[in-house]
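For reference, the structure is listed below as structure tokens.
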Amino acid sequence: MASTTQQHRRAMAVVLAVLLTAMASPMAMRAAAAAATAAGGCEGDKFPAGRSYAHCAALPKLGARLHWTHDSKTGSLSVAFVAKPGGAGGAGWVSWAINPTGDGMKGAQALVAFRASPAAPYAVNTYNITGYKPFGASSTAIAFRATDLAAEAAAAGEVRLYGRLQLAPGTEVVNHIWQVGSAVTAGAPAKHAFDKDNLEAKGKLALSGAALAPAPAASAGGASAGKGGSAGGEAAPSGAKPSAAATAAAAPVLMLLALAAGFMATV
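So the sequence shown is residues -24 to -1, 1 to 243, counted in mature numbering (1 follows the signal peptide of the UniProt record, and there is no 0).
See the structure below:
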């Protein structure tokens, strides 16, 4: 009986050693990270030469991602926003905005990427959203100096919107809003949908890249022809939710845990 117990203990020790090795394996960790990226994380986005960013976040609504670099001393914020317009065949527009006065649509300082016509190249307009009214075909002045504005088509019907905003030096957290629309009418972005995801496409962004605790959800609120918004979650740096692929990558570790538990139960 003692010999059998010793055999069980030795076997359990071997299993636990294998388990620890698997958990610490850099290859396993890289595989899990790659699986998360393949499942839709922000790390998989590729940009043209000369465009790179210090941080990225898979935003919680509309399948959008945000990449950014922030210099807290100067207040310079460079961004790349990636999302798919709401219309068929890539028709429509995408937008990212900062609201310096609140957490909703009104007061947002927006960058909007769209094609004025199907044959036109993508352009980026700025809009100071002062109320519930349609966007015009021309930009309006916003509260931040905006430079390096550009946009381009990306894979899978997505659009990449680029820009640099001059924030106040020392800014650490901003309220941001993002949105997609399905149509451009008379050369101007038309009203977006008012589905739950559209109304909740907002949150707080820590410019340092640190995660923020989610804010309590608010009831769905006002809408406009250009932007809509109400409650929303926080941006999750570098993808917050474990994907199915990442979960599958961890399955062998769970199996080893179960096996170890079985040995322990028989001792």
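Virtual Cβ for every residue (Gly too), placed ideally from N, Cα, C.
Would you mind sorting residue i into buried or exposed? The rule is 16 or more other CB atoms within 10 Å of its CB.
| i | result |
| --- | --- |
| Gly146 | exposed |
| Gly78 | exposed |
| Gly157 | buried |
| Glu134 | buried |
| Pro61 | buried |
| Phe170 | exposed |
| Arg91 | buried |
| Ile105 | buried |
| Gly26 | exposed |
Per DSSP, what kind of secondary structure is residue i in: helix, strand or coil?
| i | result |
| --- | --- |
| Ala169 | coil |
| Leu175 | helix |
| Ala131 | helix |
| Gly39 | coil |
| Gly17 | coil |
| Ala30 | coil |
| Thr45 | strand |
| Thr123 | strand |
| Gly157 | strand |
| Lys22 | coil |
| Thr102 | strand |
| Lys180 | strand |
| Leu143 | coil |
Beta carbon of residue i, beta carbon of residue j: below 8 Å?
| i | j | result |
| --- | --- | --- |
| Ser115 | Tyr98 | no |
| Pro36 | Val88 | no |
| Gly179 | His152 | yes |
| Ser71 | Gln142 | no |
| Ala33 | Pro76 | no |
| Pro154 | Ala59 | In the sequence under discussion, the amino acid at residue 154 is Trp, which differs from the Pro named in the question. Yes, the Cβ-Cβ distance between Trp154 and Ala59 is below 8 Å. |
| Val150 | Leu175 | no |
| Gly68 | Val100 | no |
| Ala129 | Gly66 | yes |
| Glu148 | Leu183 | yes |
| Gly63 | Lys82 | no |
What whole-angstrom Cβ distance do residue i and residue j have, given they're in contact under 8 Å?
| i | j | result |
| --- | --- | --- |
| Ala159 | Ala113 | Their Cβ separation, rounded to whole angstroms, is 14 Å, which puts Ala159 and Ala113 out of contact at 8 Å. |
| residue 249 | Leu137 | Any property of residue 249 remains undetermined from this structure, which presents the chain solely from -24 to 243. |
| Ala73 | Gln85 | 6 Å |
| Leu38 | Val55 | At roughly 16 Å, the Cβ-Cβ gap does not stay under 8 Å, so Leu38 and Val55 are not in contact. |
Report task. Tell me the start and end of each unbroken alpha helix (DSSP H) in the segment 57 to 94 that is at least 4 residues and wholly inside, in chain order. Result -> none
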